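Since the structure comes first, as structure tokens, the remarks are kept for the end.
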Amino acid sequence: MTTLTDRPNAALIVIDVQNNIVAEAHDRDQVVANIATLVDRARESGVPVVWVQHSSDEHLPRGTEGWQFVKELVQRTAEPVVHKRWADSFEETDLERVLADRGIGHLWVTGAQTDECIRSTLHGAIARGYDATLVSDAHTTEDTSEYGAPTPDKVIAHTNLYWQYHRAPGRTAGTQPTAEVNFKIAG
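So that you can map any letter, position 142 of the sequence shown is 142 in UniProt numbering, and since no number is skipped, the others follow by simple counting.
Now the structure itself:
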């Protein structure tokens with residue numbers, strides 16, 4: 001269990017599922033559909049959904065169409081949005097306060113890009129004392145193999161493999177596919 005005291009609750013974290021970020025993402029439609037399923041399931045279970053939205057002055061200006069969340073995912077007014085400028089969703093954001101205010105110690109992580117913001121946020125969570133479960137079929141990345149990276153399917157598979165076995169003292173990690181996520185027993 002989390003090393004954070006008095007944090008028995010879980011949250012679904014939806015990272016950077018924005019028009020320009022996932023436009024060319026691997027298996028985009030299926031990943032977005034899986035995230036939509038998880039959002040609905042979290043809401044039905046009373047588990048908070050926390051939205052993370054990236055911006056940068058040059059490549060992803062705030063307020064533009066490319067910066068918006070994809071149309072298939074609808075953020076409700078009562079659900080917090082954390083605005084970020086760095087890969088790790090905790091860096092220079094109010095994410096920790098949002099989670100602390102809700103007694104959250106366990107994160108279910110989804111979104112994009114697997115090899116950047118997902119991995120950074122997972123490691124940032126564990127380093128800060130959270131339990132962090134990566135939903136194995138609810139994260140994606142674009143193809144950057146022309147720059148020497150593995151193809152997206154391999155990036156995703158590798159991230160799932162190493163996070164499945166990741167551990168830290170007093171904290172748990174792991175992966176779980178969308179179909180097996182049960183928010184009612186999470187915590």
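Using N, Cα and C, we set each Cβ at its ideal position, and we do this for glycine too.
Every value quoted in this text rests on a predicted model; they were computed, and no experiment measured them.
{"query": "Burial state of ARG7 (16 or more Cβ within 10 Å)", "result": "buried"}
{"query": "THR121 - DSSP class collapsed to helix/strand/coil", "result": "helix"}
{"query": "Which residues DSSP lists as bridging ALA25, in chain order", "result": "GLU142"}
{"query": "Residue range of the unbroken beta strand (DSSP E) whose run includes HIS158", "result": "No beta strand (DSSP E) holds HIS158; the alpha helix (DSSP H) holding it covers 152-164."}
{"query": "Beta-carbon gap between LEU38 and THR175 smaller than 8 Å", "result": "no"}
{"query": "Rounded straight-line distance, which links the Cα of VAL32 to that of GLU72", "result": "7 Å"}
{"query": "Own chain, CB closer than 6 Å to GLN113, minus 5 neighbours either side, in chain order", "result": "THR141"}
{"query": "Continuous beta strand (DSSP E) assignments of at least 3 residues falling wholly in the UniProt domain \"Isochorismatase-like\" (10-144)", "result": "49-54, 81-84, 104-112 and 131-140"}
{"query": "Three-pair Cβ contact test at 8 Å for the region 77-84 versus the region 146-159", "result": "no"}
{"query": "Backbone secondary structure at ALA168 - three-state DSSP", "result": "strand"}
{"query": "Proximity to HIS123 [Cα-Cα], best of GLU58, ASP88, SER145 and ARG102", "result": "ASP88"}
{"query": "Cβ neighbour criterion (16 or more within 10 Å) applied to GLN30", "result": "exposed"}
{"query": "Beta-carbon proximity of VAL109 to ILE35, cut-off 8 Å", "result": "no"}
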